[in-house]
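What follows is a short report on a single structure.
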Amino acid sequence: MSSIDSKSLRNTLGAFTTGVTVITTVDAEGRRFGVTANSFSSVSLDPPLVLWSQSTTSRSHPAFRDTGRFVVNILAVDQIAVSDRFARSGDDKFVGVDIDEGLDGLPIIRGAAAFLECRKVATYPGGDHVVFLGHVENMFRGERPPLAFRDGRYLTHLAHALAEV
1 MSSIDSKSLR NTLGAFTTGV TVITTVDAEG RRFGVTANSF SSVSLDPPLV
51 LWSQSTTSRS HPAFRDTGRF VVNILAVDQI AVSDRFARSG DDKFVGVDID
101 EGLDGLPIIR GAAAFLECRK VATYPGGDHV VFLGHVENMF RGERPPLAFR
151 DGRYLTHLAH ALAEV
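For the sequence shown, counting from 1, position 39 maps to 39 in the UniProt record's numbering; every step adds exactly one.
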């Protein structure tokens with residue numbers, strides 16, 4: 001039994017600024033699924049691996065659990081509405097969202113700062129979440145600045161003055 005208060009832990013973790021992603025996939029029936037996630041990280045450059053995690057109680061969890069592919073869409077600074085849409089439960093979160101089709105018809109969110117098309121290579125239990133490990137098979141990075149998130153709020157990303165030294 002943990003002595004860590006989950007509300008305090010969430011507040012402490014909020015000090016870590018992250019990017020904002022929407023992870024997308026398609027199930028065996030061709031239905032599209034997407035979820036906002038800031039639990040995304042690079043793992044390895046060789047081989048090219050990334051990870052993200054999802055709550056096992058998420059309505060879209062069975063689709064991500066059972067699929068062999070996913071796309072990590074790294075949202076651009078002006079895509080707050082997209083992030084909010086995919087952070088909520090809903091039947092078709094893609095209504096009104098411009099997408100392109102990637103490998104195996106997976107949805108890529110148009111206008112994202114970047115995207116990575118991945119083949120799922122492993123899943124790991126992580127408490128009330130599952131960690132998905134993906135091998136990057138295709139990617140794109142545009143010139144648009146990314147959306148950031150900290151302390152429950154969206155942020156813009158600016159270069160630090162000392163980074164120029």
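All C-beta atoms, glycine included, are put in the ideal place defined by N, C-alpha and C.
Answer yes or no: does any C-beta atom of chain D fall closer than 8 Å to that of residue i?
i, result
"D92", "In the structure shown, chain D cannot be found, because there is only a single protein chain."
Taking the alpha carbon of residue i as the point to measure from, which residue in the options has its own alpha carbon closest?
i, options, result
"E137", "P48, H61, D91, D128", "P48"
"L158", "R59, D27, V77, A112", "V77"
"R119", "G134, I109, H129", "G134"
"A114", "A87, V97, R144", "R144"
"A112", "A122, M139, S89, L103", "M139"
"P146", "K7, R31, T67, L75", "L75"
"R65", "S83, F149, T123, L162", "T123"
"S39", "V20, I80, R31", "V20"
"G105", "R69, T36, A148", "R69"
"residue 169", "A63, D5, R88, R31", "Shown here, the chain extends from 1 to 165; a query on residue 169 therefore has no answer."
"V121", "G102, N73, W52, A81", "W52"
"R85", "F33, F132, P125, H61", "F33"
"P62", "A81, F132, F16", "F132"
"V80", "V97, L103, T67", "First, the amino acid is wrong: residue 80 is Ile here, not Val. Minimum Cα distance to I80 is reached at V97."
"S83", "P107, G126, A148", "A148"
"E117", "P125, E101, V130", "E101"
"P107", "V130, I4, V72, A161", "V72"
"E6", "G127, V35, I109", "Looking at the sequence itself, residue 6 is Ser, so the reference to Glu does not match. Minimum Cα distance to S6 is reached at G127."
Identify whether residue i lies in helix, strand or coil by the three-state DSSP scheme.
i, result
"L158", "coil"
"S8", "helix"
Legend entry - alpha helix (DSSP H) runs contained entirely in the UniProt domain "Flavin reductase like" (13-156), provided each spans 4 or more residues: 61-66, 80-87
Legend entry - Sufficient close CB pairs (3 or more, under 8 Å) joining the stretch 12-20 to the stretch 47-67: no
Inset, instruction - Flag this pair as touching only if the stretch 24-31 and the stretch 139-154 have three or more C-beta atom pairs under 8 Å; answer yes or no. - result: no
Inset, instruction - Could you say if the stretch 39-46 and the stretch 85-95 meet the contact criterion of at least three C-beta pairs nearer than 8 Å? - result: Under the Cβ criterion (8 Å, minimum of three pairs), the stretch 39-46 does not count as touching the stretch 85-95.
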